[in-house]
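The structure appears right after this line, and notes come after that.
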Amino acid sequence: MSGESKETVDDIPLDWYEGDRYFLNIAKEPNNPNSWCVSVVRVASEESESNTNVVRMDTDHGTPHMDELWLLPKNRDKPEFPGMTVDEAEARLLRNWRKYAYLYASEREEKDVEEPE
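And the structure:
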């Protein structure tokens, strides 16, 4: 999100999934209803880690779209949702956050498995 107006940020606690805690982060520019970002975030489990964005819906490149952040960048798709509002994005991610937490956990497990030599 860019612009001169100060963005507002809300965090909504979700729940635990597979030993990890999650929350929904909502950022929007109060004077621009078309500039927003809603993310499902995994809370860092150790002090040495930082929180991890699992999935994000935003308007950074114009049309509302979803960033599938649990995937490696080369495998990511950016499905578009023309006309979606911040409230609709919030409702969608609140409804489906466990699905994205599952996909994140599954992808992380695959990355932790060492390739056989």
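Residue numbers for the sequence shown follow the numbering used here, so the first one is 214 and each next one is one higher.
The beta carbon of each residue, even a glycine, is placed where N, CA and C say it ideally should be.
Cβ neighbour criterion (16 or more within 10 Å) applied to residue i
| i | result |
| --- | --- |
| W229 | exposed |
| E281 | buried |
| A304 | exposed |
| G216 | Because the pLDDT at G216 is just 46, under 50, the model does not fix this residue reliably, and the point stays unresolved. |
6 Å CB neighbourhood of residue i in its chain, flanking five on each side removed
| i | result |
| --- | --- |
| M297 | P277 |
| A302 | V251, M270 |
| Y317 | V267, W283 |
Opposing strand residues paired with residue i [DSSP bridges]
| i | result |
| --- | --- |
| Y234 | Checking the displayed sequence, the identity of residue 234 turns out to be Arg instead of Tyr. Answer is W229. |
| E242 | N245 |
| E293 | H278 |
Cβ pair residue i, residue j closer than 8 Å
| i | j | result |
| --- | --- | --- |
| W249 | V267 | no |
| V251 | V299 | yes |
Other residues of its chain near residue i: CB distance less than 8 Å, five sequence neighbours each side excluded
| i | result |
| --- | --- |
| E330 | Below a pLDDT of 50, predicted positions are generally treated as unreliable, and E330, at 44, falls in that range; the measurement from the model is reported next regardless. Within the same chain, E330 has no close Cβ partners at all. |
| P246 | T298, V299 |
Same chain, Cβ closer than 7 Å to residue i, five either side skipped, listed in chain order
| i | result |
| --- | --- |
| F236 | D224, I225, P226, L227, V254, V256 |
Is the number of C-beta pairs between the region 256-266 and the region 291-308 that are closer than 8 Å three or more? Counting Cβ pairs under 8 Å, fewer than three are found: no touch.
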